[in-house]
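Each remark here refers to the structure printed beneath this line.
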Amino acid sequence: MPIELQWEVSEEMPEGLESFLSEVADACTELEGVPGACFAVRVVDAEAIRELNRAMRGVDASTDVLSFPTLRYPAGTTAGNDPRRLRRAYDPYLGAVNLGDCALNIRRAREQAAELGHSVKRELGYLTAHSAFHLMGYDHMTEEDKRTMRAMEKRAMSRLRLWREPKGGIDVTNRELFDRACEAHKSSYAPYSNFHVGACILAEDGRTFLGCNFENASLGATICAERCAAGAAVVAGARRFAAIAIAADEAAWPCGICRQVLREFAVNLDMPVIVGPVGGDFTIKTLGELLPESFGPEDVLHHLAK
Ligand SMILES: [Zn+2]
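For the sequence shown, my numbering gives the first residue as 4, with consecutive numbering after it.
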């Protein structure tokens with residue numbers, strides 16, 4: 004587990020919070036290039052965070068999140084710049100690099116979640132990501148630092164589909180999507196290549212659609228799992244894809260044809276593509292990273308409008 008969660012408030016913990024925050028931590032540390040680093044997350048009430056703020060920083064005020072990094076990063080550098088330095092934060096008890104710990108204010112999380120129309124769980128996810136970047140040396144004191152930190156946060160949010168605009172997020176996690184792709188993998192028909200693939204597409208309306216690869220004696224008539232799932236989505240009227248998970252015998256990124264098909268229906272180029280071996284860990288890239296300088300429906304429609 005990349006995080007150690009301490010739930011220190013009286014209300015009930017949202018279901019699946021720990022694994023969700025672990026996904027968040029994984030996405031952030033991977034982006035920074037320090038995969039496997041971990042940190043502690045304390046969820047506390049407004050009084051406790053005020054006390055922490057007073058004791059640790061001499062500020063007598065409540066706030067939404069506080070971060071306490073293990074290491075000091077020289078100005079202009081972050082955790083990913085100096086892996087050797089980071090190794091000094093190796094904690095033999097944890098068996099991992101310990102980035103530090105953070106405290107999240109449950110009352111603020113609840114208020115902000117209500118404002119944005121999403122769940123407390125998602126808001127805690129956002130605050131954890133924000134804190135993860137602080138723990139890796141990012142800050143928002145100057146305009147330039149702020150831009151850099153926001154850009155990293157935005158990349159992490161895209162991978163996690165933690166969009167913070169008030170549009171009521173979807174609560175299906177990337178882990179759940181990937182597990183469904185693993186289920187779909189069981190249906191794969193691949194007698195020629197013996198390479199089995201399952202996919203699960205998450206539509207913008209929250210529905211999920213499964214697909215598996217199915218081969219053909221003619222070989223050329225073979226269909227990939229990604230396009231199989233895309234077909235299932237389209238026939239059900241779902242034409243806006245928010246994410247896709249792909250599980251195969253060995254981790255495999257989508258082929259060129261599938262990337263182009265996903266481009267047709269992706270909500271935007273930040274759509275996460277979640278890839279991993281069946282039953283294992285997954286990696287996430289955005290569709291924009293897999294298909295840079297791409298050609299999409301708007302290019303044709305724009306031309307037609309002339
Ligand atoms: Zn394909």
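Glycine included, every Cβ here is placed at the ideal spot set by N, Cα and C.
Environment of LEU34 [buried if 16+ CB atoms lie within 10 Å]: buried
Looking at HIS199 and ASP1, is the spacing between their C-beta atoms short of 7 Å? Outside the shown range of the chain, which is 4 to 309, sits residue 1, and nothing can be said about it.
Assign SER70 to buried or exposed, taking buried as 16 or more other Cβ atoms, counted over all protein chains shown, within 10 Å of its Cβ. Buried: at least 16 other Cβ atoms inside 10 Å.
Start-end ranges of the beta strand (DSSP E) lying completely within the stretch 153-192, minimum 3 residues: none
Rounded to a whole number of angstroms, what is the C-alpha to C-alpha distance between GLU156 and ALA132? 7 Å
Cutting at 6 Å between CB atoms, please list the residues of its own chain near ASP148, excluding the five before and the five after it. ASP142
Could you check where the beta strand (DSSP E) with PHE212 kicks off and where it finishes? 211-215
Between GLU26 and ALA246, what straight-line distance do the alpha-carbon atoms span, to the nearest angstrom? 15 Å
Closer than 8 Å is the cut-off here; do at least three beta carbon pairs connect the stretch 294-307 with the stretch 190-198? With the cut-off at 8 Å, the stretch 294-307 and the stretch 190-198 do not touch.
With which residues is ILE260 paired in a DSSP beta bridge? In DSSP, ILE260 forms no bridge with anything.
Do LEU20 and LYS189 have their C-beta atoms closer together than 7 Å? Taking 7 Å as the cut-off, the Cβ atoms of LEU20 and LYS189 do not count as close.
Beta-ladder partner(s) of ARG53, from DSSP: ARG53 is not bridged to any residue.
Just tell me which of ALA248, VAL100, VAL62, ALA58 has its CA closest to the CA of THR2. Here the chain covers residues 4 to 309 and nothing more, so residue 2 does not appear.
Determine, using beta carbons only, whether ILE109 comes closer than 7 Å to chain D. You won't find chain D in this structure, because it holds only one protein chain.
Using only the alpha-carbon positions, how far apart do SER221 and GLY79 sit? 57 Å
Does any heavy atom of ligand 1 sit closer than 6 Å to the C-beta of CYS105? no
Specify which residues have a beta carbon nearer than 7 Å to any heavy atom of ligand 1, listing them in chain order. Answer in sequence order: CYS227, GLU229, ARG230, PRO257, CYS258, ILE260, CYS261.
Quick one: what's got a C-beta closer than 8 Å to GLU296's C-beta in the same chain, skipping five residues either side? none
Under 8 Å, with one C-beta from each stretch per pair, do the stretch 50-61 and the stretch 205-217 reach the 3-pair mark? no
Here's the rule: buried if 16 or more other CB atoms are within 10 angstroms of the residue's CB, otherwise exposed. What is CYS258? exposed
Three CB pairs or more closer than 8 Å across the stretch 100-109 and the stretch 38-52: yes
Output the distance between the C-alpha atoms of GLU126 and ARG113, rounded to the nearest integer angstrom. 8 Å
Three-state class that DSSP yields for GLU207 in the structure shown: coil
Between which two residues does the beta strand (DSSP E) harbouring VAL100 extend? 99-108
DSSP state of ARG45, grouped into three classes? strand
Give the range of the alpha helix (DSSP H) segment to which PHE23 is assigned. Annotation for PHE23: the continuous alpha helix (DSSP H) segment containing it runs 20-35.
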